[in-house]
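S.K.: In terms of this note's numbering, the sequence shown opens at residue 2 and continues consecutively.
The C-beta atom is built at its ideal place from N, Cα and C for all residues, glycine as well.
One structure, pasted below without further comment.
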Amino acid sequence: MSTSKKYTSFTGPLTSIAPPSSPGMLLLAAYLPAIDALDRTSPAALAINDIVSPTATYQMNGGPVIPFTTVLGMLGVRSEKIERFTHEDFDTDTMDLEGENGKRKVVCECSSTSLFKGDDKNERVKVNELLILECEPAPEGKGIEGVWVVGAKSYFDPAPVREKGKEIMKEGKVN
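See below:
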């Protein structure tokens, strides 16, 4: 890990980000498992309420900006077709950029892995992603190291997951 007054960079497994890492890195290490959790009642999933502002926004692939709460609703549906989803199978390449007044920007190049229910081949679908988290100081008792997410952007090609989903549905394995 290299550090200057303005940024911290990290390359490696998400699970190895731990104190004394920078606030943005620690926030990312909590954010991704919270997003990945298929059981939306699990402690990892519920942590999202403390690390993402209730007024946060999300943008996918440069599309329209939507409330982050809309994303949370979509995540609940994911478990109907997906058996396993994670960002922990591959190393991340991340920068935590310090801004003014406690603001931060976390830029993370990562990959997710999806395993569909009913896939007899047990093929994991890998999707490369670029994630950008806009972070600001959090209210007392919220956030990680005093910051939380106020905006998230992700860039990825959903085609591999979409194609695998169509294949599984065609085989009649999942509704």
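Below 7 Å CB to CB, which residues in the same chain sit around I169 once its five sequence neighbours on both sides are set aside?
M.R.: Along the sequence shown, one-based indexing puts residue 169 at 168. Closer than 7 Å at the Cβ level, and outside the excluded window around I169, lie F117, G119, D120 and V175.
S.K.: Rounding to the nearest angstrom, what Cα-Cα distance links C111 and K165 in this structure?
M.R.: Mapped onto the sequence shown, residue 111 falls at position 110. Mapped onto the sequence shown, residue 165 falls at position 164. Approximately 20 Å between the Cα atoms of the pair.
S.K.: In terms of DSSP beta bridges, what is Y156 paired with?
M.R.: Translated into positions along the sequence shown, residue 156 becomes position 155. Looking at the DSSP assignment, Y156 forms a beta bridge with L131.
S.K.: If you check the beta carbons only, do T114 and T95 fall under 8 Å apart?
M.R.: The residue given as residue 114 occupies position 113 in the sequence shown. The residue given as residue 95 occupies position 94 in the sequence shown. Taking 8 Å as the Cβ cut-off, T114 and T95 do not qualify as a contacting pair.
S.K.: Output the boundary residues of the alpha helix (DSSP H) element that contains G63.
M.R.: Indexing the sequence shown from 1 puts residue 63 at position 62. Careful: G63 lies outside any alpha helix (DSSP H) and carries neither H nor E.
S.K.: Considering just the uninterrupted stretch of the alpha helix (DSSP H) at D51, what are its terminal residues?
M.R.: Stepping through the sequence shown from its first residue, residue 51 is reached at position 50. Residues I49 to I52.
S.K.: What's the call for V97, buried or exposed, on a 16-neighbour Cβ count within 10 Å?
M.R.: As a working note, residue 97 is residue 96 in the sequence shown. Contrary to the premise, residue 97 reads as Asp rather than Val in this sequence. It counts as buried.
S.K.: Bridge partners of G144, per DSSP?
M.R.: The residue given as residue 144 occupies position 143 in the sequence shown. DSSP lists no partner for G144.
S.K.: Using CA coordinates, which residue listed in S155, G173, V148 and P161 is at the minimum distance from V72?
M.R.: The residue you call residue 72 lines up with position 71 of the sequence shown. Residue S155 is the option with its Cα nearest to V72.
S.K.: Please go through the same chain and pick out, in chain order, the residues whose beta-carbon is closer than 6 Å to the beta-carbon of S54, but skip the five residues on each side of it.
M.R.: Taking the sequence shown and counting its residues from 1, the one referred to as residue 54 is at position 53. Close CB contacts of S54 within its chain, under the 6 Å cut and outside five residues either way in sequence, are with W149 and V151 (chain order).
S.K.: Under 8 Å, do A19 and A35 count as touching if we go by C-beta distance?
M.R.: For this step, residue 19 is matched to residue 18 along the sequence shown. For this step, residue 35 is matched to residue 34 along the sequence shown. A19 places its beta carbon 8 Å or farther from that of A35.
S.K.: Quick one: grab the DSSP three-state call for I36.
M.R.: As a working mapping, residue 36 is identified with position 35 in the sequence shown. Three-state result, I36: helix.
S.K.: Run through the stretch 81 to 123 for me and flag every whole beta strand (DSSP E) of 3 or more residues, listed as ranges in chain order.
M.R.: 83 to 87, 93 to 99 and 105 to 117
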